Amino acid sequence: MKKAILSVAIIASLAVIGCNGETKKDTSSDTKTTTTASTKDLSTATFGVRGNCGMCKTTIEKAAKSVEGVAEATWDVKKKSISITYDEHKIDENVVHKAIAAAGYDTDKMTGDTSAYKNLPKCCLYDREQQMNQ
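Each number in my numbering corresponds to the 1-based position in the sequence shown with 24 added.
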């Protein structure tokens, strides 16, 4: 019984913490300013990235998050697009394009590094003509 009560208390406290970190988005353009509860200004951007599978997702998101100033990165396998949240005072969106391209993946602004592309696992060798940002 004590474990059940403790579990409910933990879940409830996590729900309260999660609500305090909600974001508000300005949906007027592809690049948006987001304000969090701590009032730190972040921008979001969505752009196309070619890839095939879950391994691609891991590599693409890891490449984007490796850029200092990127707070969040989520690649959509079906849409072939990534959404990033970043501090525009630290980096420019193009730096994220470069990091993803260096990992071997094409973005809608840059072609992936050819040698990195050739070293991707076989399942990740995407069709370089496939549609992005669907």
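Glycine included, each C-beta is placed from N, C-alpha and C at the ideal position. Quantities reported herein were computed from a predicted structural model and do not represent experimental measurements.
The Cβ-Cβ distance between Trp99 and Ser90 does not fall below 9 angstroms.
Minimum Cα-Cα distance from Glu153 among the listed residues Gly72, Ser67, Leu66 corresponds to Gly72. Listed as beta-bridge partners of Thr70 by DSSP are Ser107. Between Lys81 and Val101, the alpha-carbon positions lie close to 7 angstroms from each other. Judged by DSSP in its simplified three-state form, Thr131 adopts strand.
With contacts defined by Cβ atoms closer than 9 angstroms, Tyr129 and Gly78 do not form a contacting pair.
Between Glu92 and Lys114 the beta-carbon gap is near 6 angstroms, inside 8 angstroms, which marks them as a contact. In the structure shown, Glu117 falls within a helical segment according to DSSP collapsed to helix, strand and coil.
Asp137 and Thr131 have their alpha carbons spaced roughly 11 angstroms apart.
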